[in-house]
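Have a look at the structure below before the remarks.
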Amino acid sequence: MLQQRAASDARVARVLFGLSWTVVELDNGACGLCFSPTGAPRDIPWAGELAGRPVSAMLDWLRSDHPCEMAAAVASVNAVLNFESFSERVSGASTPTRLLCDAAPHLAVFEHFADQLAGARVAIVGRYPGMQRFAGRFDYQCIERRPGPGDLPEDAAASVLPASDWVFVTASSIANGTAPQLLELARAARVVLMGPSLAWMPDWARFGVDYLAGVQVRDASALRQIVAEAGGTRIFRDALAYQLVRVTG
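Just so it is clear: in the sequence shown, position 36 is 36 by the UniProt record's numbering, and no numbers are missing.
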């Protein structure tokens with residue numbers, strides 16, 4: 001689905017592999033992101049050879065088992081299927097809403113939904129730093145591939161997600177291959193697919209997604225610098241904005 005939707009004649013201008021984010025910038029100026037893989041190998045045979053490649057060549061990596069190739073492929077998809085082109089390609093989705101949370105912009109999605117989550121059974125797939133700010137506003141269970149204190153391991157998804165009212169799924173699950181299973185488990189819930197790794201496609205509604213909470217790149221230069229300097233959540237303050245679209249009625 002991703003490869004078909006992201007067909008393009010564009011070429012890659014540059015690729016950045018930061019500690020937290022992988023960024024692909026195209027020759028038309030569009031940028032896409034993906035959460036960077038952990039534990040990437042040091043012997044990357046194609047390093048220094050990606051600039052100038054056609055996007056179609058990058059999309060072939062969507063079938064790769066190499067974590068860096070998959071991250072570059074997803075970021076390439078997101079550069080093509082970016083927020084700016086979404087309204088041109090889509091009819092029937094809601095008007096996008098820019099999400100704001102000045103104190104913690106990387107948590108703007110949760111700030112937006114916080115009042116609706118009070119008293120609900122909420123599951124969050126993926127760990128988000130700073131979630132303690134919502135203590136007393138809503139409770140949640142966090143499912144994480146590398147669980148820390150208070151987190152549930154990923155195999156808990158099989159029991160937690162079907163019993164949840166709201167499920168927030170990190171879009172990095174697209175790159176690690178767990179998204180289809182997670183979305184199937186969450187079919188009975190209101191589902192928000194979220195994060196910079198999200199491809200702006202209405203097709204996600206077919207998988208039970210109700211809301212897309214992806215990003216709009218507002219300052220590509222700042223994005224490049226922050227990613228190159230090992231930035232993580234800082235990109236939300238200086239380079240990106242969360243946008244929310246409802247894709248189901």
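Built from N, CA and C at the ideal position, the CB exists for glycine as well.
Check                                                                                                                             : Outcome
Arg63 (DSSP reduced to helix, strand or coil)                                                                                     : helix
Proximity below 8 Å, CB of Val227 to CB of Val23                                                                                  : yes
Inter-stretch contact (C-beta, 8 Å, three-pair minimum) for the region 75-89 and the region 122-132                               : no
C-alpha gap between Phe113 and Arg190, whole angstroms                                                                            : 11 Å
Residue burial classification, Leu100 (beta-carbon count within 10 angstroms, cutoff 16)                                          : exposed
Three-state secondary structure assigned by DSSP to Arg206                                                                        : helix
Beta bridge counterpart(s) of Glu25 as assigned by DSSP                                                                           : Arg14 and Cys31
Contacts around Ser173, its chain only, beta-carbon distance under 7 Å, and the 5 residues preceding and following it disregarded : Val125, Ala179 and Leu182
Same chain, Cβ closer than 6 Å to Arg14, five either side skipped, listed in chain order                                          : Glu25 and Ala51
Per-residue DSSP class, three states only, for Cys101                                                                             : coil
Anticipated Cβ contact below 8 Å, Ser94 with Val245, distance rounded                                                             : 6 Å
Presumed contact (8 Å Cβ cut-off) between Arg237 and Pro105, rounded CB distance                                                  : 5 Å
Residue burial classification, Gly46 (beta-carbon count within 10 angstroms, cutoff 16)                                           : According to the sequence displayed, residue 46 carries Trp and not Gly. Exposed is the call here.
DSSP beta-bridge partners of Gln181                                                                                               : Gln181 is not bridged to any residue.
Simplified DSSP assignment, three categories, for residue 259                                                                     : A question about residue 259 goes unanswered here, because the residues of the chain that appear run from 1 up to 249.
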